[in-house]
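J.: Structure in structure tokens, see below.
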Amino acid sequence: MNDRKVIPSLRSIADLDRATAKKARASWQMFTIMAEFVEATEYLSELRPAVSIYGSARIKAKDPYFKLTEKIAKKLSDAGFAVISGGGPGIMEAANRGAHRGKSPSVGLNIELPHEQSGNAFQDISLRFRHFFTRKVTFVKNSDAVIVMPGGFGTLDELAEVLTLIQTKKSRRVPIILVGAEFWQGLLDWFKNTLETRKLIGEKDVEELIQVIDEPDEILAAIVQFYESGKDAKAENERTKAKSEDDQMFYL
Numbered sequence: 050m051n052d053r054k055v056i057p058s059l060r061s062i063a064d065l066d067r068a069t070a071k072k073a074r075a076s077w078q079m080f081t082i083m084a085e086f087v088e089a090t091e092y093l094s095e096l097r098p099a100v101s102i103y104g105s106a107r108i109k110a111k112d113p114y115f116k117l118t119e120k121i122a123k124k125l126s127d128a129g130f131a132v133i134s135g136g137g138p139g140i141m142e143a144a145n146r147g148a149h150r151g152k153s154p155s156v157g158l159n160i161e162l163p164h165e166q167s168g169n170a171f172q173d174i175s176l177r178f179r180h181f182f183t184r185k186v187t188f189v190k191n192s193d194a195v196i197v198m199p200g201g202f203g204t205l206d207e208l209a210e211v212l213t214l215i216q217t218k219k220s221r222r223v224p225i226i227l228v229g230a231e232f233w234q235g236l237l238d239w240f241k242n243t244l245e246t247r248k249l250i251g252e253k254d255v256e257e258l259i260q261v262i263d264e265p266d267e268i269l270a271a272i273v274q275f276y277e278s279g280k281d282a283k284a285e286n287e288r289t290k291a292k293s294e295d296d297q298m299f300y301l
């Protein structure tokens, strides 16, 4: 018979001072997370209707997509929609610039990063986040539509997050509009030809969840038409059917 392995207990090998410090940091982190949710709720709970605009921080002011974003945001703001961006440079700044010149609030959800991110000067409401996930929850919870401009990993992460939440009915249905048909075509082809063909997503997920529109007037019309047609109410009824009130508290 083999001798049993003797595994020392964690307590006997742990550096107690280090463990205590780590626990204290974790506790403080939980408080900062709660504080971010509370502050976001306090400032944004009565902001509706609002549209979030995602996109790259690296796109410069001379880029056509920067100018297009500014035009879209101004049109939405004049139509009564608050515009929410990540508060930084690039597409985020373009969104805030356009909204700031419009009639509705320009909102920035700024993230603290060791590089890249610095807040732009066109925010009527400016919130700061240390944690990406609280920031993403704040975006989704307060958005009546999502517009996705060209971007990199961060933009793809935000797009995937909102698609997943809506697909799994963890979040209410809102319009998701990709701007830049040429830019997004490769990703959409991959969704259809790889994910859908292999049955890794639903047969109608792409058509039902995503629209591709490049014209500002058409973007505004699509958002308004979505709510006037009652699609949001139908989707919400399907999502919350047979769920108790307590269960619904955990849904966005």
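Convert by adding 49 to the 1-based position in the sequence shown; the result is the number in our numbering.
The beta carbon of each residue, even a glycine, is placed where N, CA and C say it ideally should be.
Would you call the CB atoms of V255 and I226 closer than 8 Å?
T.: no
J.: Residues bridged to N159 by DSSP?
T.: R177
J.: Looking at the secondary structure, which residues open and close the alpha helix (DSSP H) in which V211 lies?
T.: Judged by DSSP secondary structure, V211 falls within the alpha helix (DSSP H) whose first and last residues are 202–216.
J.: In whole angstroms, what separates the C-alpha of N159 from that of A148?
T.: 16 Å
J.: Report buried or exposed for K152, applying the criterion of at least 16 other Cβ atoms within 10 angstroms of its Cβ.
T.: exposed
J.: Using 10 angstroms around the beta-carbon of R107, count the other beta-carbons present and answer buried if the total reaches 16, otherwise exposed.
T.: exposed
J.: How many Å lie between E257 and R74 at the Cα?
T.: 43 Å
J.: Is DSSP giving Q260 helix, strand or coil here?
T.: strand
J.: Could you name the residues of the same chain whose beta carbon sits closer than 6 Å to that of P154, not counting the 5 residues immediately before and after it, in chain order?
T.: Residues of the same chain with a CB within less than 6 Å of the CB of P154, apart from the 5 flanking positions on each side, are A131, D173, I174 in chain order.
J.: DSSP three-state call for A89: helix, strand or coil?
T.: helix
J.: Going by the beta-carbon positions, is the gap between T187 and L93 smaller than 8 Å?
T.: Yes.
J.: Going by other Cβ atoms of all chains shown within 10 Å of its Cβ, with 16 needed for buried, is A194 buried or exposed?
T.: Buried is the call here.
J.: Have a look at G135, P138, K111, V100 and flag the residue whose alpha-carbon is nearest the alpha-carbon of A122.
T.: Residue nearest to A122 within the set G135, P138, K111, V100 is V100 (criterion: CA-CA distance).
J.: Measuring only the C-alpha atoms, how far is R177 from E161?
T.: 7 Å
J.: Check each candidate in K116, Y114, G104 and name the one with the smallest Cα separation from I133.
T.: G104
J.: Smallest Cα separation from H164: which of T213, P138, A271?
T.: P138
J.: Candidates L237, V189, R247: which alpha carbon is nearest K219's?
T.: Considering only alpha carbons, the answer is V189.
J.: How would you write the range of the beta strand (DSSP E) that V195 sits in, first residue to last?
T.: Element bounds for V195: 194–197.
J.: Compute the beta-carbon to beta-carbon distance between A230 and D206, rounded to the nearest angstrom, for a pair I have assumed lies under 8 Å.
T.: Going by Cβ atoms, the distance from A230 to D206 rounds to 21 Å, so no, they are not a contact pair.
J.: Do I82 and I140 have their C-beta atoms closer together than 8 Å?
T.: no
J.: Count the other C-beta atoms from every protein chain shown that fall within 10 angstroms of the C-beta of E302, then say buried if there are 16 or more, exposed otherwise.
T.: Here the chain has residues from 50 to 301 only, and residue 302 is not among them.
J.: Please identify the residue among A128, E142, L96, V87 whose C-alpha is closest to the C-alpha of K111.
T.: Checked all of A128, E142, L96, V87; the closest Cα to K111 is E142.
J.: Identify, in the order they occur along the chain, each residue of the same chain with its Cβ nearer than 7 Å to the Cβ of H180, setting aside the five sequence neighbours on each side.
T.: If we look at H180 and ignore the five residues flanking it on each side, its Cβ neighbours are I82, E85.
J.: Can you tell me whether I140 is helix, strand or coil according to DSSP?
T.: helix
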